[in-house]
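Trainee: Add 2 to the 1-based position in the sequence shown for this note's numbering, that's all there is to it.
Backbone N, C-alpha and C fix where the C-beta goes; we use that ideal spot for every residue, glycine too.
For reference, the structure I am asking about is given below.
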Amino acid sequence: MSWRRYLWPVIGIAAVILSLLLLWHELRGISLDDVWDGIVAIPTRGWVLAALSSVVAYASLAGYDHIALLHIGKKVSWLFVTFCSFTTYALSHNIGGSVLSGAVIRYRAYGTRGLTGQDVGILVAICWITFVLSSLLVGGLVLVFEPAIIDRFSGAPHRGLAVAAGIALLILVGAYIFGSWLHLKPLKIAGFQLHYPALPIVARQLLIGPIELLAAAAIIFFALPVAGNPGYFVILGVFLVSFSVAQISHAPGGLGVFEVVFLAGLSQMDPVGVLAALLVFRLFYLIIPLLIALGVVLFFEHSQYSRGET
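This is the structure we're talking about:
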């Protein structure tokens, strides 16, 4: 079993190295001065709207935990849940392997509020399902209404295939809703049971989850230059593809992977402006939340230590 402990970290590091090499090849003619000029060129309005979008994104992520706790019937302080969710996602987005790293962080936090290991397991599963469900819903809508998004990565027209794929994704979402309505039997894995959420909870999943994705994509959209900008809906589609590939790669923070895929999806735009917008995204969605989360963790651990001493 020891080799499995190192498998995903090795894959993540390899993905980072390969992506950085591809990124260097893609941007080899661009200097740091060019990138700085691209950042300076972002108007104040773009900075403000990007910052507000990041706030909305993390507020929506906090809703993931609230939904999961509602499903398992556990009551925890609203403020504690919000800080726990924020810290979990801020750290896991940077660490990589968000499901596993998020589970560890949540177990440490919610364990102090009386939740068992199984409670936390169900909570993590519901949060993950909310994310997947939201990605299927938003991705399906993008493919149906903007099928040319696939052409940006394939280099050839596949509109019929894109629409079919989009409809298939929406059917999966519909099947999930239908399963909730039918009250299907719970999924059983050893002693672990995962029940279908009730329809009111599913409605919350389909509302709050997509808002997070829309807001995260908006960070980049507002930071992009106007020249050559294909519009928000296309940016949303490119973001979904880039973010999904970055998640699958297990690269810490999707470093390099996210940028390479995003630049490929917006190859018709000035790469300097795109790279500047991606740096703004990393600042508001990854770096600043990470710094705040580290402060929250230190405060939490200090309070737990002080309580133990008392």
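Taking residue 91 as the reference, which of 306, 131, 288, 277 has the closest Cα?
Mentor: It is 288.
Trainee: Can you give me the C-alpha to C-alpha distance between residue 198 and residue 134, rounded to a whole angstrom?
Mentor: Residue 198 and residue 134: Cα-Cα distance of roughly 15 Å.
Trainee: Rank 206, 149, 175 by C-alpha distance to the C-alpha of residue 164 and give the top, closest one.
Mentor: Comparing Cα positions, the closest option is 149.
Trainee: Using three-state DSSP, classify residue 186 as helix, strand or coil.
Mentor: Here residue 186 sits in coil by DSSP.
Trainee: By the three-class DSSP mapping on this structure, what secondary structure does residue 292 have?
Mentor: Helix, per DSSP.
Trainee: Mark residue 303 as exposed unless 16 or more other C-beta atoms lie within 10 angstroms of its C-beta, in which case mark it buried.
Mentor: It is exposed - the Cβ of residue 303 has fewer than 16 other Cβ atoms within 10 Å.
Trainee: Within a Cβ cutoff of 6 Å, which residues of the same chain sit near residue 220, ignoring the five residues on either side of it in sequence?
Mentor: Answer for residue 220: 55, listed in chain order.
Trainee: Check for me: the alpha helix (DSSP H) holding residue 96 runs from which residue to which?
Mentor: From DSSP, the alpha helix (DSSP H) with residue 96 extends over 80-97.
Trainee: Determine the DSSP secondary structure at residue 159, reduced to helix, strand or coil.
Mentor: If DSSP states are grouped into helix, strand and coil, residue 159 belongs with coil.
Trainee: Under a three-way DSSP split, which group does residue 48 fall into?
Mentor: Three-state result, residue 48: helix.
Trainee: Rounded to a whole number of angstroms, what is the C-alpha to C-alpha distance between residue 235 and residue 283?
Mentor: If you take the alpha carbons of residue 235 and residue 283, they lie about 17 Å apart.
Trainee: Cβ of residue 276 within 8 Å of Cβ of residue 268?
Mentor: Yes.
Trainee: Residue 231 by DSSP, collapsed to three states: which one?
Mentor: Three-state result, residue 231: coil.
Trainee: Could you tell me whether the Cβ atoms of residue 78 and residue 115 are closer together than 8 Å?
Mentor: Cβ atoms of residue 78 and residue 115: closer than 8 Å.
Trainee: Could you give the DSSP three-state label for residue 3: helix, strand or coil?
Mentor: A caution first: residue 3 carries a pLDDT of 49, below 50, which makes its placement in the model unreliable, though a value can still be read off. Note: residue 3 maps to coil in three-state DSSP.
Trainee: On a Cα-Cα basis, can you pick out the residue from 250, 196, 153 that is closest to residue 131?
Mentor: If we check each option's Cα against that of residue 131, 196 comes out closest.
Trainee: Go ahead and pull the three-state DSSP assignment for residue 116.
Mentor: Residue 116: coil per DSSP, three-state reduction.
Trainee: DSSP on residue 36, reduced to helix/strand/coil?
Mentor: Residue 36: helix per DSSP, three-state reduction.
Trainee: Specify the secondary structure class of residue 148 as computed by DSSP and reduced to three states.
Mentor: Reduced to three states, the DSSP call for residue 148 is coil.
Trainee: My output table needs one value for residue 2: the three-state DSSP class, helix, strand or coil.
Mentor: Outside the displayed range of the chain (3 to 312) lies residue 2, so it cannot be described from this structure.
Trainee: What residue from 152, 204, 121 has the CA that sits closest to residue 184's CA?
Mentor: Here the closest residue by C-alpha is 204.
Trainee: Counting Cβ pairs, one atom from each stretch, are 3 or more of them under 8 Å apart for the region 137-145 and the region 106-126?
Mentor: Short answer: they don't touch.
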